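In the order they appear, the protein sequences are chains U, R and G. What the first sequence shows, in my numbering, is residues 1 to 454, in sequence order. What the second sequence shows, in my numbering, is residues 1001 to 1297, in sequence order. What the third sequence shows, in my numbering, is residues 2001 to 2276, in sequence order. Glycine included, every Cβ here is placed at the ideal spot set by N, Cα and C. Computed from a predicted structure; not experimentally measured. Reading through the structure tokens given below for one structure.
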Amino acid sequence: MIGWAQIVPVKVKTFPLIPNETKRRLIFGMKSTTLYLLVMLAVSLTGCADHEKKMTFWIGGAPQEVDYWEALVNEFERTSGITVDLIRQPSSTDQRKQGLVISLEAEQPDPDVFLMDIVWLQQFFQSGWLQPLDPFFGTDGFSIASFFKDVVDTVDRFAGHYYALPVFLDIGLLYYRKDLLKKYGYSGPPRTWPELLQQASEVQAGERSDNPGFNGFLWQGAQYEGLVCTFLEFTASNGGGIMQDGHVRLNRGANAVALGFMQDLIRKYGISPLNTYTDMREEEVRRAFQRGDALFERNWLYAWNLHQGDGSAVKGKIGMTALPHFGEGHPVAALGGWHIGISRHSDMPAKAWELVRFILSHASQKKLVLNLGWYPGRSDIYTDPDVVTKMPYAGLLQEIFSRAVTRPNLPYYDQVSDVIQRTVNGCLAGKQPPAESLRRMQSEIDHIAGIYAK
Amino acid sequence: MKESKDRYLPNEIRDAYLFILPMLLFAVVFILLPVLGTLVTSLFREVTFLPSRFSGLDNYLRLTTDRHFWQSVRFTLLFVGVSVAAELFLGVILALILNESIPGRGFVRVAVLVPWAIPIAVSARMWELIFNFDYGVVNFLVQQLGLAGAPLNWLGSATGAFCAIVISDVWKTTPFMTIILLAGLAAIPQDLYKQAMVDGTTFLQRFFYITLPLLRPVLVVALLFRTIDAVRIFDLIYVLTGGGPGGGTTSLSLYAFKYYTSGDFGYGSAISLIVFLIAGLLAVFYVRFTGFREAVK
Amino acid sequence: MREEQVKKILKLTGVAFLLLFCLLPFMWVVVVSLVKEPDFLLPQVAFDVTFDNYSDVLTSGSLHLFEYLRNSLVVSAVAALAATLFASLAAYAITRLKFPGRLLIPLVLLAFSMFPQISIVGYLFKMMIGLGWINTHAGLIFPYITLGLPLALWIMLSYFSEISTELDRAALVDGATRIQVLHKIILPLAAPGALSATLLVFIYSFNEFLFAMMLTTDYRARTIPVGIALFEGLHGQIPWGHLMAVAVISVVPVILLAAVFQRKIIRGLLQGAIKG
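Here it is in structure tokens:
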């Protein structure tokens, strides 16, 4: 039997001289290959014909969202005659940002139009990647007044210009079980945190006899971006918050009280489960509430349609309202959502604006609500009769949007978020007390601010 | 090894440099220059939303207090240690077994090349499916065999993700190791074994006193390449875990990449330089202490 | 006698383990790509064989699968041929001419091949912006040539060094130039080596990921590995059937090459590693 050694010779044999015929063929082969190679190099050096001007629009990856955009873009192409290359990025927010940063840093003509998460805006503005949009405002009856003033003035403005506009907004809300509140004799949802505590404790104690997995209040406490929103809501509802006068000011008494309350919900009062800080993100919270295992839920707008959908155990039994506040504060909601902008290096800014205007038109934004169930950045949609009939909460939402709070408007937000996520999560896990947590966060964030100081 | 200068012919030197010019040009422009550029960039505060300015060793100082950086260092070194050890162990065993004659060698060869030929990105998605919480084969088998009551969250827990990454990497690189070691084994004259068997030695004795020492040159080279490769790991981790739950499986290369793609080029460059230094130090350590030089000779 | 039998059993087990180890994961991919439900192992889920996954991904323009394949094939082929060409030139000089640095240069190339790609790609990105080569074939071809050069060089070196310099002398005496000697005599003789080198650089470039991620932005120049890494499916989160179908399609070129040229590839790998 032949062994491995003969199959794979370690030493290369010296090849004997080959007959002329074969040699000629080999030489011909080498000549033509070299020629081919040179041609290919030439072709690639002159740049492929592929690089003709095209309008590209980069969007995200959630399934119904893609369908919505495809339909909208098709309509736009029909009515305007402009071809749009719709490119779908991965659904992971981080990967979307990576792709955009690479293209924008490389000053590519594509994408022309793209969507941005609200927290990226400052970095994108300050890196000079976006076209100012105000020069386009006067055309064709477009008015900035149609949008939520607080939102656009806080997050879409930079150095006196508008660089982005909101496509859809998201806020944190309190979902509650109407049936359970009625059962236990409460007239309505809580307005303050102490009220919520009281209602949740009683209902939880009562319901646990039948359903041992029942919890009073579910919210997002895992170590991820969502925790920053939750933290923001609790602290701001006590008159505190993350930013003050344009700087990060975490070390405040109001924040200590709020953070202490968050910790107590899990560890002292027990109305939020222990896995709040290990597992609870949007979907985990939504699923548990939808199964009927909770009285209150803090979640974003998207949960409403799902809760009211077929197959949901809580269909028709729920209501939504603004999140509670502490005695001294007022109701707040963290602002999320996606905005649209035009690349500074776009090779067709005027046409790009046509697309943007179309996307932000009253008709398109109305479709956003009615077809997708997402909430537009245009405030005039909320008083539209069709919308009001289909979405009875439109008025409530419009009111809450105007009192929304934003996460820090900083170009290095990623790193600030990382500090807050880690430390707050550690506090919830009992690793360090609230006051100490706030002190640590403040000092770490100050350090980061120093690195990125102008 | 140096040739005496007076034996050089000017014509020959000119010809020679013309021949090697394309290759050198490419190497200098597309490898040396970028690395130097990275070094220079690491000495600047280069952030997309701020004006660039020289900052000296600030980026490196920042690394010393950066907990995520140290986490990445620990992860990378741990990964290198475990992965290379596993590949070596498996590779040696498989090579020993295959050194004997095997039926269907053509098919075996192709089979062995499959893990190596598949792009890491593709194999990472494959392992993503295999380790998937809901649809993965591993969880299915684990439950069927009664090894665990509930499905395990491989990619969602720090240790699970680490195991998944090591297994994927070992799968990809062990076949390559096996081939190399096989060739090394093949170079050992069979007579030595025959003589040893006549002398009445056990298999283990033959292994430790004949095989291992004669395999050493090949082993050392393969080990060096694999270690350097493992230090710079990126593809597998980016696709399989994206840095892992809470940054727990972020290798150094991935950490640098994250900073590059968030717009902080200066800091990303500093981290890249550290990867370079670690790889360089490991290489020097190898050459010095494992008899690499003799192996090459 | 007993040792013989034990050896035989070990050998067969070893071969079986090796085959399963290498092929089973990928066989799983193929199976999932041909099935409707990826969790068909569960008793309640049906095992529906279908080619739909393949037809879906091949006919969906928005996935840009063909563009990714085209880019990968073009970039890898050009890089492989060019690398082999340049490496042959250099190998000729190193094995046949005396010049200062003759022994140093291969070692320098070897050292270069061990540089972490992350320490190259950052500044390379900036260079490519300056050259205007972001998201172009050229932007990938040139770096890939460079990355493939060390491997190609060591392979060509080992083949060239086996060819006797007597052939050179004879031809030079007859009045041929060195280029002609290389072209008409040495290269044909080392053709198997050139093939090995081309194949290996092709496969290496085909599989490369980091550079492709940072130097390209969309389907016009993106390669298969990036396409697959970012694959999200036509509708919905990670449709495993579709993803596995794309995986199978993307590895068809390299697996074919590996199957047809396995001897050359293995020899080339050994050349590159053992001589290194």
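Evaluate the contact criterion for the region 2089-2103 of chain G versus the region 2221-2231 of chain G: three or more CB pairs, one atom per stretch, below 8 Å.
no
Distance check for residue 62 (chain U) and residue 319 (chain U), CA to CA, integer angstroms please.
For residue 319 (chain U) and residue 62 (chain U), the distance between alpha carbons rounds to 26 Å.
For residue 2251 (chain G), return the contacting residues in chain R, with the cut-off set at a CB-CB distance below 8 Å.
1117, 1118, 1119 and 1122
To the nearest angstrom, report how far apart residue 246 (chain U) and residue 432 (chain U) are at their CA atoms.
27 Å
Closer than 6 Å by C-beta to residue 1045 (chain R): which residues in its own chain qualify, once you throw out the five before and the five after it? Chain order, please.
Contacts found: 1053, 1055 and 1266.
What are the residues in the region 443-454 of chain U lying within 7 Å of chain R by C-beta distance?
451, 452 and 454
So is residue 1199 (chain R) buried or exposed if we call it buried at 16+ other beta carbons inside 10 Å?
By the neighbour-count rule (16 or more Cβ atoms within 10 Å), residue 1199 (chain R) is not buried but exposed.
Residue from R:1041, R:1191, R:1273 and R:1159 with nearest C-alpha to residue 1249 (chain R):
If we check each option's Cα against that of residue 1249 (chain R), R:1159 comes out closest.
Using a Cβ cut-off of 8 Å (strictly closer), state whether residue 102 (chain U) contacts chain R.
Under the Cβ distance rule, residue 102 (chain U) counts among the residues neighbouring chain R, one pair being separated by less than 8 Å.
State whether the region 208-225 of chain U contacts the region 372-384 of chain U, with contact taken as three or more CB pairs (one from each stretch) at a distance under 8 Å.
no
Using a threshold of 8 Å, state whether the C-beta atoms of residue 323 (chain U) and residue 202 (chain U) are closer than that.
For the pair residue 323 (chain U) and residue 202 (chain U), the CB atoms are not nearer than the 8 Å cut-off.
Please determine if the region 326-333 of chain U and the region 348-364 of chain U are in contact, where contact requires at least 3 C-beta pairs separated by less than 8 Å.
no
Where residue 46 (chain U) falls, given that 16 or more other Cβ within 10 Å makes a residue buried
With a pLDDT of 44 at residue 46 (chain U), under the threshold of 50, the modelled position of that residue is not reliable, and the figure given next carries that caveat. Residue 46 (chain U) should be labelled exposed.
What residues from chain U crowd round residue 1048 (chain R), counting only those whose CB sits closer than 7 Å?
105 and 127
Does residue 417 (chain U) come within less than 8 Å of chain G when only Cβ atoms are used?
no
Inter-residue spacing [alpha-carbon to alpha-carbon] between residue 2047 (chain G) and residue 2041 (chain G):
Rounded to whole angstroms, residue 2047 (chain G) to residue 2041 (chain G) spans 8 Å at the Cα level.
Can you find a C-beta in chain G that's less than 8 Å from the C-beta of residue 1066 (chain R)?
no
Less than 8 Å between the CB atoms is what I'm expecting for residue 1170 (chain R) and residue 1240 (chain R), so what's the real figure, rounded?
The pair is not a contact, with the Cβ atoms about 13 Å apart (cut-off 8 Å).
Below 8 Å between beta carbons: does that hold for residue 376 (chain U) and residue 370 (chain U)?
no
With 8 Å as the threshold, decide whether the Cβ of residue 1262 (chain R) is near any Cβ in chain U.
yes
Could you tell me the alpha carbon to alpha carbon distance between residue 1230 (chain R) and residue 1209 (chain R), rounded to whole angstroms?
30 Å
Taking contact to mean 3 or more Cβ pairs, one atom from each stretch, closer than 8 Å, check whether the region 168-178 of chain U and the region 290-307 of chain U are in contact.
By the Cβ criterion, the region 168-178 of chain U is in contact with the region 290-307 of chain U, since at least three pairs of Cβ atoms, one from each stretch, lie closer than 8 Å.
Grouping DSSP H, G and I as helix and E and B as strand, with all else coil, what is residue 1015 (chain R)?
helix
Residue interval of the beta strand (DSSP E) (run including residue 56 (chain U))
55-59
Could you tell me the distance, in whole angstroms, from the CA atom of residue 1236 (chain R) to the CA atom of residue 2256 (chain G)?
23 Å
Indicate whether at least one CB of chain G lies closer than 8 Å to the CB of residue 1097 (chain R).
yes
For residue 2009 (chain G), count the other beta carbons within 10 Å of its own beta carbon; 16 or more makes it buried, fewer makes it exposed. Which is it?
exposed
With DSSP collapsed to three states, give me the class of residue 2064 (chain G).
coil
Are the beta-carbon atoms of residue 1228 (chain R) and residue 1282 (chain R) separated by less than 8 Å?
yes
Residue(s) in a DSSP beta bridge with residue 338 (chain U)
U:117 and U:168
Identify every residue that forms a DSSP beta bridge with residue 2280 (chain G).
Examination of residue 2280 (chain G) is not possible in this model, given that chain G is present from 2001 through 2276 alone.
Can you look up residue 322 (chain U) in the DSSP assignment and give me helix, strand or coil?
coil
Does residue 215 (chain U) come out as helix, strand or coil in the three-state DSSP assignment?
Residue 215 (chain U) falls in the strand class under three-state DSSP.
Provide the residue(s) that pair with residue 2035 (chain G) in DSSP beta bridges, ordered along the chain.
G:2049
Can you tell me which of the three DSSP states residue 244 (chain U) falls into?
strand
Report back the beta-carbon spacing between residue 147 (chain U) and residue 165 (chain U) to the nearest angstrom; my notes put them in contact at under 8 Å.
7 Å
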